[in-house]
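Going by the numbering used here, the sequence shown opens with residue 3, and the numbers climb by one from there.
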Amino acid sequence: LVPVVKNADTLNLLGLARAVNDLARRARDGKLQPDELQGGTFTLTNHGTSGSLLATPIINQPQTGILGVGQIHKEPVVITRGHPLLPDVNDTIAIRPIAYLSFTFDHRVLDGASADAFVTTVKKRLESWSSV
């Protein structure tokens, strides 16, 4: 059961959250209308709610993509101040919240470079969330 947020591109973050919460509540109560399950172009799935770190979600046809989000958990990461691929004496290790993203898309609609740019943009926005 995948409810569709209509005109999601016109909503701000608060409006999107309200729409998702309303659809989720009505889905749990069995009160969704058939048209609220049609017309989607992209799915966001949170398989992390069950504790999963990573999954490979399958596209809901005829949609063009699905982004899976794993459970947020803490991991040690290297904090680099210099070149990211070269050793640096100023590198440090810190514990940070991490979530793995997995993006499945239809190559007939979207090429790999565009898909990579999309995931990179999502990653950067999530990493700088406090400044959004």
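Note that beta-carbon positions come from the ideal geometry of N, C-alpha and C, so glycine has one too. Only a predicted model underlies this, so the values are computations on that prediction, with no experimental measurement involved.
Worksheet entry | Collapsed DSSP secondary structure at residue 49 in the structure displayed | helix
Worksheet item: Name the DSSP bridge partner or partners of residue 101?
Response: Partner(s): none; residue 101 has no beta bridge.
Item to complete: Could you check the C-alpha separation between residue 98 and residue 63 for me, to the nearest Å?
Response: 36 Å
Item to complete: Using three-state DSSP, classify residue 78 as helix, strand or coil.
Response: strand
Practice prompt. For residue 134, count neighbouring Cβ atoms within 10 angstroms of its own Cβ and tell me buried if that reaches 16, exposed if not.
Written response: Confidence is the limiting factor: at residue 134 the pLDDT is only 48, short of 50, which leaves the residue's position unreliable, though a coordinate-based value still follows. Counting Cβ neighbours within 10 Å, residue 134 comes out exposed, since fewer than 16 surround it.
Item to complete: Would you tell me roughly how many angstroms separate the C-alpha atoms of residue 118 and residue 50, rounded to the nearest one?
Response: 22 Å
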